[in-house]
Amino acid sequence: MSEKLSRNRAATLVRKLDYASKVLPSYIWQRLTRRNQSGRMHLIIALANHFEPRIMPGKNAGYAPRDVQEKRLDTWCSEYPANLGQLRDSEGRCLTHSYFYPAEQYDAALVSQLAEFCHEGWGEIEIHLHHGVDTKATAESTHQQLVSFRDTLARDHGCLSYQEGDSIPKYAFVHGNFALANSANGYACGVDNEMQILADTGCYVDMTYPAAAFHPAQVEKINSLYECALPLEQRAPHRSGRQLRTGHAIAKLPFIVQGPWMLDFDRSSRNGYGRIENSSITNATPPSLRRLAIWKQAEIAVKGRPDWLFIKLHTHGMDPTQMDAVLRAPMKKFLEELIAGAPERKEILHFVSAREMANILLATCDGREGDPGEFRDYRYRRTPQAHGIGTASSSLIAQSGQPSVARV
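Heads up: take any position in the sequence shown, counting from 1, add 14, and you land on this note's numbering.
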């Protein structure tokens, strides 16, 4: 037993050292070269919700029964508007989630309920995928699974988006277990050319990163907005990339949007020294103004537009160990403080979906000037159903695509 424990400890140490060797050089360089901007700042905030009704906490914990899944979704759809619907950004828009729903967990009734919730203005559904864990994934099976789920979401549920003149649905993506394009060396993927498959099936942006702390799928690039520099058919082409710049149109899709990765030297943390800040919202790490300050320090921006900060957060909203943090008092308190203190902090808040964040980035790289909110629908636009046209909820959504709730 002691020999096995020693081996496990050695393997854990090797894994942590490998992780540190990837992220620390980039982190140190960024801390030396990035300077926090003074003056008025636009904060463009998106919440990527890895939305898995079947999720059970813990490793190899199995899946939740169907009735539990229904109850979770009912709770979410009833409580979210009641708890958070009146808290609005500088444009009068509520914090809407991007619901990255797992293709392999598709349930027509559950997705229909979530889609209707989104059509009422409470978010947008995008594509999530876990594969290569229990059974081997191939390029062919991955392509088929993505196309099938993409078309089902668009045809049967009125979700996803379109580019003018193109009838193929387009989507944002988050990879399950963070193993994008086989970046975890075979674990939870196994498909080296996955990024090319994403490009071929209509994916325009990936929002997988940062990975969980010490996860083997973490790549060297952190706190960045970029195009893959390596060929998309290679394994993990997002290991290297070209930073997005104003006046330089994005040429290679999908491009990469990362959330903040920082070191938080919080003495109140469990180890007494600090923790890795990886922009995850959980019950153990709820949102706060203290964390907001750290997210801002990451300075994730398009080069040439430092006053527009892009803050992509992530959560697992159906996980009972995370639901309270994003649905109830912790998120409500954070949003109230965020909104009330924005003028003093010289912040202009923009709550956006994954699609809207990608559109704003595309406009920025095309050299467009103005307010970020003007470019929410710059290239990729939702289907008519997603604007509530022809539904009973259309009067609530109006032109903004948002529920008509009074601001506070």
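Each residue gets a CB set at the ideal place from its N, CA and C atoms; glycine is no exception.
Cutoff 8 Å; reference residue i; Cβ partners in own chain excluding five residues on either side
| i | result |
| --- | --- |
| Q159 | A117, E118, L143 and H145 |
| L128 | F65, L87, C91, Y113, Y115 and I139 |
| I211 | A153, T156, H157, L160 and V205 |
| S162 | A117 |
| L101 | C108, L109, K346, L349, E350, I353 and V422 |
| P39 | E234 |
| R259 | V316, K317, G318 and C379 |
Contact set for residue i: own chain, Cβ-Cβ below 6 Å, skip 5 residues either direction
| i | result |
| --- | --- |
| D220 | F187, P268 and I270 |
| L109 | F365 |
| W309 | P274 and I325 |
| L363 | L57, D103, S104 and A356 |
| H111 | L61, N63 and G137 |
| R54 | K360 |
| E370 | R390 |
| H189 | T222 |
| T329 | N63, I295, Q336 and V340 |
| P300 | A339 and P344 |
| P202 | Note that residue 202 is Ala in the sequence shown here, rather than Pro. Only G146, V147, N191 and A193 meet the Cβ criterion. |
Same chain, Cβ closer than 7 Å to residue i, five either side skipped, listed in chain order
| i | result |
| --- | --- |
| Y94 | W136 and L341 |
| R395 | S175 and Y176 |
| A213 | L246, L267 and P268 |
| N22 | none |
| S197 | A231, V233 and A250 |
| F228 | R29, K30 and Y33 |
| R256 | Y240, E241 and A243 |
| Q311 | N50 and M276 |
| M337 | G331 |
| S302 | F348 |
| G216 | R164, I182, P183, K184 and Y185 |
| V125 | Y115 and H171 |
Residue i, buried or exposed, once every other Cβ within 10 Å from all chains shown has been counted against 16
| i | result |
| --- | --- |
| K85 | exposed |
| A400 | Low per-residue confidence applies at A400: pLDDT is 45, beneath 50, and the placement is therefore not dependable enough to give any value. |
| A263 | exposed |
| I42 | exposed |
| G72 | exposed |
| V28 | exposed |
| K150 | exposed |
| P191 | According to the sequence as given, residue 191 is Asn; it is not Pro. Result: buried. |
| S20 | exposed |
| G172 | buried |
| L98 | buried |
| I295 | buried |
| A225 | buried |
| Y223 | buried |
| E358 | exposed |
| Y240 | buried |
| R107 | buried |
| G261 | exposed |
| I182 | exposed |
| D430 | The question about residue 430 has no answer here: the residues shown for the chain are numbered 15 through 422. |
| A195 | buried |
| F279 | exposed |
| K18 | exposed |
| S367 | buried |
| Q413 | Low local confidence applies: a pLDDT of 39 at Q413 is under 50, so the model's placement there is unreliable, with the coordinate-based value given in what follows. Under this definition Q413 is an exposed residue. |
| N373 | buried |
Extent of the continuous alpha helix (DSSP H) to which residue i belongs
| i | result |
| --- | --- |
| M345 | A343 to G355 |
| W322 | That residue, W322, is in no alpha helix (DSSP H); its beta strand (DSSP E) goes W322 to T329. |
| V161 | A153 to H171 |
| R289 | Per DSSP, R289 belongs to no alpha helix (DSSP H); it is in the beta strand (DSSP E), R289 to E291. |
| I374 | A368 to C379 |
| Q127 | A122 to F131 |
Range of the contiguous beta strand (DSSP E) that encloses residue i
| i | result |
| --- | --- |
| E138 | G137 to L143 |
| I308 | Premise fails: I308 lies in the alpha helix (DSSP H), L303 to Q311, not in any beta strand (DSSP E). |
| S175 | S175 to Q177 |
| Y394 | Y394 to R396 |
Item to check | alpha helix (DSSP H) runs wholly inside the stretch 181–222, at least 4 long, in chain order | outcome: 208–214
Item to check | Start-end ranges of the alpha helix (DSSP H) lying completely within the stretch 60–118, minimum 4 residues | outcome: If we require 4 residues or more, the alpha helix (DSSP H) runs fully inside the stretch 60–118 come out as 80–98.
Item to check | Length-filtered (3 minimum) beta strand (DSSP E) runs lying within the stretch 211–278 | outcome: 217–220, 239–242, 255–257, 269–271 and 276–278
Checklist entry - Is the stretch 289–299 close to the stretch 242–257, with three or more CB pairs under 8 Å? => result no
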